[in-house]
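Those letters in the sequence shown? Residues 1 to 160, by UniProt numbering.
Structure, as structure tokens:
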Amino acid sequence: MSFRINVNGNDHQIDADPETPLLYVLRDELQLNGAKYGCGLGQCGACTVQLDGNAVFSCVTPVIAVVNRKVRTVEGLGSIDKMSPLQRAFADEQAAQCGYCIAGMIMRAQALLDLIPKPDETQIRRHMQTNLCRCGTHMRILRAVRRAAGLRVDGHAAHE
Numbered sequence: 001m002s003f004r005i006n007v008n009g010n011d012h013q014i015d016a017d018p019e020t021p022l023l024y025v026l027r028d029e030l031q032l033n034g035a036k037y038g039c040g041l042g043q044c045g046a047c048t049v050q051l052d053g054n055a056v057f058s059c060v061t062p063v064i065a066v067v068n069r070k071v072r073t074v075e076g077l078g079s080i081d082k083m084s085p086l087q088r089a090f091a092d093e094q095a096a097q098c099g100y101c102i103a104g105m106i107m108r109a110q111a112l113l114d115l116i117p118k119p120d121e122t123q124i125r126r127h128m129q130t131n132l133c134r135c136g137t138h139m140r141i142l143r144a145v146r147r148a149a150g151l152r153v154d155g156h157a158a159h160e
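So this is what it looks like as structure tokens:
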């Protein structure tokens with residue numbers, strides 16, 4: 001079947017089975033490789049993107065579910081030359097070790113910051129808990145989210 005989907009503000013005509021995971025369409029058809037295949041079960045978060053502003057696992061979201069909706073990937077936030085504030089915070093906090101989970105972490109964190117610009121520590125931890133980092137950079141990731149929100153990081157104002 002043929003579908004029109006909107007990704008990062010651009011419309012794309014896609015020919016795919018309606019049940020094809022959005023992740024496959026993003027990576028294979030649109031060459032947007034930020035979202036990663038991790039578990040394929042919606043349990044690790046490496047594939048996280050935003051759908052109408054909400055963080056979703058693209059590995060278990062069928063492409064038919066995104067028709068007439070807005071998909072946003074990490075590529076839609078910024079670039080290496082012009083990073084978003086959240087991407088810059090992740091870089092400043094050296095939150096990525098292997099980097100595999102980071103696009104998903106950033107997209108989940110951005111969904112939180114879009115909803116609650118100044119979340120408290122409990123809100124950040126609760127929101128981020130569904131995404132896994134096997135390298136163990138969770139504390140750096142949490143610091144990056146606090147920094148992007150303009151909250152205190154290790155006793156200092158985030159933008160000092």
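We put the CB at the ideal spot given by N, CA and C, even for glycine.
Cα-Cα separation between methionine 128 and tyrosine 100, rounded to whole angstroms: The sequence position of residue 128 within the sequence shown is 128, counting from 1. The sequence position of residue 100 within the sequence shown is 100, counting from 1. The straight-line gap separating the alpha-carbon atoms of methionine 128 and tyrosine 100 is approximately 16 Å.
Paired residues, beta bridge with leucine 51 - DSSP: As a position in the sequence shown, residue 51 is number 51, starting the count at 1. Paired residues: Asn54, Val71.
For alanine 10: DSSP bridge partner residues: In the sequence shown, residue 10 corresponds to position 10, counting from 1. What sits at residue 10 in the sequence shown is asparagine, not alanine. Asparagine 10 pairs with Val7.
Neighbour-count burial assignment, isoleucine 102, 16 or more Cβ in a 10 Å radius: Here residue 102 refers to the residue found at position 102 when the sequence shown is read from its first residue. The residue in question, isoleucine 102, is buried, as its Cβ has 16 or more Cβ neighbours within 10 Å.
Cβ shell of proline 62 (< 8 Å), same chain only, five flanking positions each side left out: For this step, residue 62 is matched to residue 62 along the sequence shown. Spatial neighbours of proline 62 in its own chain (CB-CB distance under 8 Å, excluding positions within 5 residues in sequence) are listed in chain order as Pro18, Glu19, Thr20, Pro21, Leu22.
Minimum C-alpha distance to alanine 111 - residue among Met139, Gly40, Gly76: If you number the sequence shown from 1, residue 111 lands on position 111. The shortest CA-to-CA distance from alanine 111 to any of Met139, Gly40, Gly76 is the one to Gly76.
Continuous alpha helix (DSSP H) stretch holding methionine 83: start and end: To locate residue 83, count along the sequence shown from 1; it is residue 83. In the DSSP assignment, methionine 83 falls outside any alpha helix (DSSP H) and carries neither an H nor an E.
Any non-hydrogen atom of the ligand GDP closer than 6 Å to cysteine 59 Cβ: Although the ligand GDP was asked about, the structure shown includes no ligands whatsoever.
Nearest to glycine 104 (by Cα), restricted to the options Gly150, Ala65, Glu121, Cys39: Reading the sequence shown from its first residue, position 104 is the one you call residue 104. Looking from the CA of glycine 104, the closest CA among Gly150, Ala65, Glu121, Cys39 belongs to Cys39.
Between the CA atoms of threonine 73 and valine 25 - distance to the nearest angstrom: Your numbering for residue 25 matches position 25 in the sequence shown. Your numbering for residue 73 matches position 73 in the sequence shown. Their Cα atoms are separated by approximately 12 Å.
Residue from Val56, Asp120, Glu121, Leu51 with nearest C-alpha to lysine 70: Counted from its first residue, the sequence shown places residue 70 at position 70. Each of Val56, Asp120, Glu121, Leu51 was checked against the Cα of lysine 70, and the nearest Cα belongs to Leu51.
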